[in-house]
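For the sequence shown, the working numbering gives the first residue as 134, with consecutive numbering after it.
Cβ atoms here follow ideal geometry from the backbone N, Cα and C, with glycine treated the same way.
Step one of this worksheet: look at the structure below.
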Amino acid sequence: MDLDLYVITDETIAAGRTHTEIARLAIAGGADAIQLRDKCCGTRELCRTGRQIREITRKTGTLFIVNDRLDVALACGADGVHLGQGDLRVDVVRQLAPRSFVIGVSVGNAGEAVNAEKAGADYVTLSPVFSTTSKNDAGPGHGLAALGEIRAEVSIPVIAIGGISRDNVGAVIGAGADGVAVISAVVGQSDITAAARDLKDRITAAKREHRR
């Protein structure tokens with residue numbers, strides 16, 4: 134499971150582009166995973182959009198994750214779901230989803246990461262690493278030290294999210310992240326494909342430097 138560059142869709146900062154168009158453009162730039170995230174969209178519309186993205190990601194072999202909504206993820210045939218600390222428990226999702234279903238969990242510290250791994254999560258995201266305006270409910274940044282602590286405590290992939298840009302992504306990878314999840318660094322740029330390609334190149338270079 135390659136999670137180097139994990140792009141989260143957000144129509145509010147995408148200059149009028151849809152979730153589907155965001156996904157297509159980000160994948161063209163090298164995104165390894167796409168997460169459909171929309172807190173306001175109705176269930177039927179979200180499922181319709183999810184099916185469109187599923188068609189794109191199926192052709193490119195890109196991992197497709199739905200934020201929060203297990204029902205939508207299952208309905209549109211997504212590869213998995215991403216859960217917050219207040220969402221369904223990982224063990225409950227495991228009972229309801231196919232065996233190969235990917236489950237990610239947002240965590241804020243090493244203890245939550247360890248618990249998520251024990252419960253059966255496939256990856257965790259430290260959210261947020263730095264303060265960010267892309268997610269109103271994100272809270273203050275946890276910092277690179279917290280990222281390193283989580284990396285030392287779990288064996289599953291650790292993804293960093295929150296305030297990550299082309300300027301600090303190398304430091305984030307150096308601190309222990311297996312990949313980065315971004316919104317504004319890609320989705321908020323005028324050329325989504327170019328922004329994704331640039332970020333992916335920087336991640337690759339940082340991993341080469343740190344031999345991971």
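- Taking C-beta atoms as the reference points, VAL199 and ALA164 fail to come closer than 8 Å.
- In this structure, the CA atom of SER288 is about 38 Å from the CA atom of ALA148.
- Check the Cα spacing between ALA254 and each of GLY213, PRO261 and SER264: the tightest is with GLY213.
- When the Cα atoms are used, PRO290 and LEU280 turn out to be separated by approximately 12 Å.
- Comparing alpha-carbon positions, the option among THR142, LEU203 and LEU277 lying closest to SER264 turns out to be LEU277.
- The Cβ-Cβ distance between GLY175 and ALA329 does not fall below 8 Å.
- One alpha carbon belongs to VAL226, the other to CYS173, and they sit about 23 Å apart.
- Residue range 176-193 is occupied by the alpha helix (DSSP H) that includes THR182, with no beta strand (DSSP E) assigned at that position.
- Within its own chain, the residues whose Cβ lies closer than 6 Å to the Cβ of ILE155, once the five positions on either side in sequence are excluded, are THR142, ALA147 and VAL320, listed in chain order.
- The beta carbon of ARG335 lies closer than 7 Å to those of ARG299, VAL302 and GLY303 in the same chain, with the five residues before and after it left out.
- Looking at ILE294, VAL205 and ALA327, the one whose alpha-carbon comes closest to that of LEU136 is ILE294.
- Checking the DSSP bridge columns, you'll see THR145 has no partner listed.
- Counting the other CB atoms within 10 Å of its CB gives ASP311 a total of 16 or more, which places it among the buried residues.
- A buried status is given to LEU216, since no fewer than 16 other beta-carbon atoms sit within 10 Å of its beta-carbon.
- Between the alpha carbons of ARG341 and MET134 lies a distance of about 18 Å.
- For CYS180 against ALA208, the beta-carbon gap comes to about 5 Å, under 8 Å, which counts as contact.
- Rounded to the nearest angstrom, the Cβ distance from ALA211 to ARG187 is 6 Å, consistent with a contact under 8 Å.
- Secondary structure of HIS215 (DSSP, three-state): strand.
- Counted as a single uninterrupted DSSP element, the beta strand (DSSP E) harbouring LEU169 occupies residues 166-169.
- It is roughly 22 Å from the alpha-carbon of ARG202 to the alpha-carbon of LEU138.
- In this structure, the CA atom of ASN248 is about 25 Å from the CA atom of VAL205.
- Residue range 196-200 is occupied by the beta strand (DSSP E) that includes ILE198.
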